[in-house]
Amino acid sequence: MKKRALITGITGQDGSYLADFLVAKGYEVFGMLRRTSTDPLMRIVNLYEERKITLLSGNMRDACALERVIAEAKPDEIYNLAAQSDVGISFLCPEETFEINYYGVGRLVNAAMKENPSVRIYQASTSEMFGKTKPPQSESSPFHPVSPYGEAKQKAHDDYVVGYRNRHHLFICSGILFNHESPRRGKHFVTRKITHSLAKIEAGLQETLLLGNLEAKRDWGFAQDYVEAMWLMLQKDQPEDFVIATGESRTVREFFETAARLIGFKIRFEGKGQDEVAKDEKGKIILKIDPKYYRKAEVDSLLGDASKAYKELGWKPKTSFEELVRIMLEHDRDEVRAMAAKKR
Numbered sequence: 139m140k141k142r143a144l145i146t147g148i149t150g151q152d153g154s155y156l157a158d159f160l161v162a163k164g165y166e167v168f169g170m171l172r173r174t175s176t177d178p179l180m181r182i183v184n185l186y187e188e189r190k191i192t193l194l195s196g197n198m199r200d201a202c203a204l205e206r207v208i209a210e211a212k213p214d215e216i217y218n219l220a221a222q223s224d225v226g227i228s229f230l231c232p233e234e235t236f237e238i239n240y241y242g243v244g245r246l247v248n249a250a251m252k253e254n255p256s257v258r259i260y261q262a263s264t265s266e267m268f269g270k271t272k273p274p275q276s277e278s279s280p281f282h283p284v285s286p287y288g289e290a291k292q293k294a295h296d297d298y299v300v301g302y303r304n305r306h307h308l309f310i311c312s313g314i315l316f317n318h319e320s321p322r323r324g325k326h327f328v329t330r331k332i333t334h335s336l337a338k339i340e341a342g343l344q345e346t347l348l349l350g351n352l353e354a355k356r357d358w359g360f361a362q363d364y365v366e367a368m369w370l371m372l373q374k375d376q377p378e379d380f381v382i383a384t385g386e387s388r389t390v391r392e393f394f395e396t397a398a399r400l401i402g403f404k405i406r407f408e409g410k411g412q413d414e415v416a417k418d419e420k421g422k423i424i425l426k427i428d429p430k431y432y433r434k435a436e437v438d439s440l441l442g443d444a445s446k447a448y449k450e451l452g453w454k455p456k457t458s459f460e461e462l463v464r465i466m467l468e469h470d471r472d473e474v475r476a477m478a479a480k481k482r
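Counting along the sequence shown from 1, when you hit position 273 you're at 411 in the numbering used here, and nothing is skipped either side.
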């Protein structure tokens with residue numbers, strides 16, 4: 139008999155890769171879909187059109203809708219990937235961030251326990267919970283979030299993952315994932331913004347890339363690699379939390395430099411601070427600093443220690459940093475070339 143899985147946030151980057159992974163594993167996959175005025179299916183259109191997944195209407199704000207979705211899907215495993223996931227936006231919309239990322243988790247967990255107390259639940263936690271904690275960060279590192287996003291995720295982790303696991307013996311675990319990117323990443327996230335903008339600059343469709351803090355350091359991996367770790371956590375005999383990361387940290391500047399080199403730009407930096415720019419070999423300004431992209435409170439450095447996952451899950455990242463950047467660039471160059479062709 140096929141296992142049944144419910145994925146909230148199935149239309150996002152991680153949800154789409156996880157749906158691909160679980161379908162390939164032979165699961166019957168259900169995805170919760172929030173109504174939106176835009177087309178939400180672009181990342182999962184093939185799975186949907188080929189009827190490899192079933193989509194159910196629901197919302198993390200609506201407890202009754204969550205109960206209905208879980209009753210219809212009857213999942214053995216729930217992967218909660220739904221979130222307000224933009225750290226910068228969380229400063230502008232803190233109440234919405236807590237409504238979805240904290241209270242929504244509570245609604246989901248309680249609905250799941252009501253339908254099937256033996257269900258296994260994966261909660262998408264985040265390295266942003268560490269915030270100002272000095273790297274490297276592991277499962278035993280203290281949390282010190284500095285954004286509403288990180289704070290909401292930490293509170294959900296404490297109350298509904300650790301709390302319900304201890305009080306109700308629920309099989310629930312946190313995947314504390316460090317930054318993971320892909321061609322399916324939204325273009326407002328800094329990595330995809332870099333690769334897509336450079337592809338547009340190369341094609342003559344954009345003049346300059348605007349970024350904020352170039353010195354912020356992140357541990358970047360490939361999202362397609364990371365969804366396997368989510369699944370592995372729910373196959374264990376007992377629920378535990380795991381840091382998932384590459385163990386390598388690079389600055390935003392290094393990401394930009396790598397992408398620029400791979401696309402063929404010879405870059406040199408001039409100036410300092412907010413006046414710093416990056417020029418190509420012809421003297422054209424490719425990159426400028428725009429203060430509006432600085433966060434109100436910055437996480438300076440994230441570097442994950444995933445040795446527990448390596449040992450206990452047998453998981454390791456398969457894709458190198460440079461290969462990740464190359465994959466994203468190749469996708470965006472193809473997309474931009476198709477865009478340019480339509481304009482001719």
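C-beta atoms are modelled at their ideal positions from N, C-alpha and C, and glycine is treated no differently. No experiment lies behind these values; they were computed from the predicted model shown.
Closest residue to I191 among K141, R206, Y240 (Cα-Cα distance): To locate residue 191, count along the sequence shown from 1; it is residue 53. It is K141.
Check your understanding: Per DSSP, what kind of secondary structure is T389 in: helix, strand or coil?
Key -> The residue given as residue 389 occupies position 251 in the sequence shown. Reduced to three states, the DSSP call for T389 is strand.
Run through the DSSP bridge pairs and tell me what H318 is partnered with. For this step, residue 318 is matched to residue 180 along the sequence shown. In the DSSP output, where bridge partners are listed per residue, H318 has G359.
Is the region 316-332 touching the region 359-367 in the sense that three or more CB pairs, one from each, lie closer than 8 Å? yes
Check your understanding: From the DSSP output, which residues share a beta bridge with N218?
Key -> Translated into positions along the sequence shown, residue 218 becomes position 80. DSSP, once it has assigned bridges, lists T146, Q261 as partnering N218.
_From A249, G226, L441, residue whose alpha carbon lies closest to that of K434_ = Taking the sequence shown and counting its residues from 1, the one referred to as residue 434 is at position 296. Out of A249, G226, L441, G226 has the C-alpha closest to the C-alpha of K434.
Report yes or no: do three or more beta-carbon pairs, one from the region 146-165 and one from the region 225-240, lie closer than 8 Å?
no
For the putative contact between R229 and S285, defined by C-beta atoms under 8 Å, what is the C-beta separation to the nearest angstrom?
Position 91 of the sequence shown holds residue 229. Position 147 of the sequence shown holds residue 285. A small fix is needed here, since residue 229 is Phe in this sequence, not Arg. Rounded, the Cβ-Cβ distance is 6 Å, consistent with contact.
Subject >> Reduced DSSP category for S175 - H, G, I as helix; E, B as strand; rest coil >> reply: One-based indexing of the sequence shown puts residue 175 at position 37. Since pLDDT at S175 reaches only 45, below the 50 mark, its modelled position is unreliable, and the value read off the structure follows with that caveat. The answer is coil: DSSP assigns S175 none of H, G, I, E or B.
Cβ-based burial, I423 [other Cβ within 10 Å; buried from 16] | Position 285 of the sequence shown, counted from the start, is the residue given in the question as residue 423. Exposed: under 16 other Cβ atoms inside 10 Å.
Open item on the list: Taking the straight line between their C-alpha atoms, what separation do you get for G313 and E392?
Closed with: Here residue 313 refers to the residue found at position 175 of the sequence shown. Here residue 392 refers to the residue found at position 254 of the sequence shown. Going from the Cα of G313 to the Cα of E392 covers about 26 Å.
| request: Could you have a look at M483 and say whether DSSP puts it in helix, strand or coil? | output: Summary: the structure shown does not reach residue 483, with the chain confined to residues 139 through 482, and so no result is reported for it.
Please classify G402: does DSSP put it in a helix, a strand, or coil?
Reading the sequence shown from its first residue, position 264 is the one you call residue 402. DSSP places G402 in coil when its eight states are reduced to three.
Contained beta strand (DSSP E) runs [length at least 3] in the region 269-342, N- to C-terminal order: 309-315
Once DSSP output is grouped into helix, strand and coil, what is the label at L156?
On the sequence shown, residue 156 is found 18 positions in, with the first residue counted as 1. Reduced to three states, the DSSP call for L156 is helix.
message = Give me the residue from I259, A157, P429 with the minimum Cα distance to E188.
response = On the sequence shown, position 50 is the one that residue 188 refers to. Comparing Cα positions, the closest option is A157.
- request: Specify the secondary structure class of L193 as computed by DSSP and reduced to three states.
  value: On the sequence shown, residue 193 is found 55 positions in, with the first residue counted as 1. The answer is strand: DSSP assigns L193 an E or B state.
I259 and A250 - do their beta-carbons sit closer together than 8 Å?
On the sequence shown, residue 250 is found 112 positions in, with the first residue counted as 1. On the sequence shown, residue 259 is found 121 positions in, with the first residue counted as 1. Cβ distance < 8 Å, so A250 and I259 count as in contact.
Out of curiosity, what's the CA-to-CA distance linking R464 and W358?
Locating residue 464 in the sequence shown gives position 326, where the first residue counts as 1. Locating residue 358 in the sequence shown gives position 220, where the first residue counts as 1. Rounded to the nearest angstrom, the two C-alpha atoms are 13 Å apart.
**OP:** Count the other CB atoms, across all protein chains shown, that sit within 10 Å of the CB of V474; report buried if there are 16 or more and exposed otherwise.
**Re:** Walking along the sequence shown from the start, residue 474 turns up at place 336. So V474 counts as buried.
- Query: What residues match up with A416 in a beta bridge as DSSP calls it?
  - Reply: If you number the sequence shown from 1, residue 416 lands on position 278. DSSP, once it has assigned bridges, lists F407, L425 as partnering A416.
Original post:
What are the boundary residues of the alpha helix (DSSP H) that includes I208?
Top reply: As a working mapping, residue 208 is identified with position 70 in the sequence shown. 201-211 is the extent of the alpha helix (DSSP H) around I208.
request  = Please report how far the alpha carbon of V415 lies from the alpha carbon of L348, in whole angstroms.
outcome  = Indexing the sequence shown from 1 puts residue 415 at position 277. Indexing the sequence shown from 1 puts residue 348 at position 210. V415 and L348 have their C-alpha atoms some 10 Å from each other.
What residue range is occupied by the uninterrupted alpha helix (DSSP H) comprising L246? Locating residue 246 in the sequence shown gives position 108, where the first residue counts as 1. Note, L246: alpha helix (DSSP H), 242-253.
For the region 281-296 and the region 322-336, state whether three or more C-beta atom pairs, one from each stretch, are separated by less than 8 Å. no
Of the listed residues W369, L194, V437, F168, nearest to A447 (C-alpha basis): Here residue 447 corresponds to residue number 309 of the sequence shown, with the count starting at 1. When only C-alpha atoms are compared, the closest one is W369.
Whole-number beta carbon distance between A220 and T146, since they are thought to touch under 8 Å
For the purposes of this step, residue 146 is identified with residue 8 of the sequence shown, where counting begins at 1. For the purposes of this step, residue 220 is identified with residue 82 of the sequence shown, where counting begins at 1. With 8 Å as the limit, T146 and A220 qualify as a contact, their Cβ atoms being about 4 Å apart.
*beta strand (DSSP E) segment containing L441, residue limits*: For the purposes of this step, residue 441 is taken as the residue at position 303 of the sequence shown. No residue range can be given for L441, since it is assigned to no beta strand (DSSP E) and is classified by DSSP as neither H nor E.
- [ ] Have a look at the DSSP bridge pairing and note the partners of L347.
- [x] Numbered from 1 along the sequence shown, position 209 holds the residue referred to as residue 347. Looking at the DSSP assignment, L347 forms a beta bridge with L425.
Note to self: I believe A306 touches Q261 by the beta-carbon criterion, under 8 Å. Please report the beta-carbon distance rounded to the nearest angstrom.
What the structure shows: Taking the first residue of the sequence shown as position 1, residue 306 is located at position 168. Taking the first residue of the sequence shown as position 1, residue 261 is located at position 123. Here residue 306 turns out to be His, not Ala, going by the sequence shown. Going by Cβ atoms, the distance from H306 to Q261 rounds to 14 Å, so no, they are not a contact pair.
- Tell me whether I382 sits in a helix, a strand or coil according to DSSP, three-state version. Taking the first residue of the sequence shown as 1, we reach residue 382 at position 244. I382 falls in the strand class under three-state DSSP.
*asked:* By the DSSP assignment, the alpha helix (DSSP H) with A354 in it spans what residues?
replied: Numbered from its first residue, the sequence shown carries residue 354 at position 216. Premise fails: A354 is in no alpha helix (DSSP H) and is neither H nor E.
TODO: Report, in whole angstroms, the separation of the C-beta atoms of K355 and T333, which I expect to be a contact under 8 Å.
DONE: As a position in the sequence shown, residue 355 is number 217, starting the count at 1. As a position in the sequence shown, residue 333 is number 195, starting the count at 1. K355 to T333, Cβ: 19 Å. No contact.
From E234, R172, K404, D375, pick the residue whose C-alpha is nearest to that of F309; which is it?
Along the sequence shown, one-based indexing puts residue 309 at 171. Selected option, being the one with the closest Cα: D375.
How big is the Cα-Cα spacing for G350 and T271? Position 212 of the sequence shown, counted from the start, is the residue given in the question as residue 350. Position 133 of the sequence shown, counted from the start, is the residue given in the question as residue 271. Approximately 22 Å between the Cα atoms of the pair.
Assign S228 to one of three DSSP states: helix, strand, or coil. Within the sequence shown, the letter at position 90 stands for residue 228. Helix, per DSSP.
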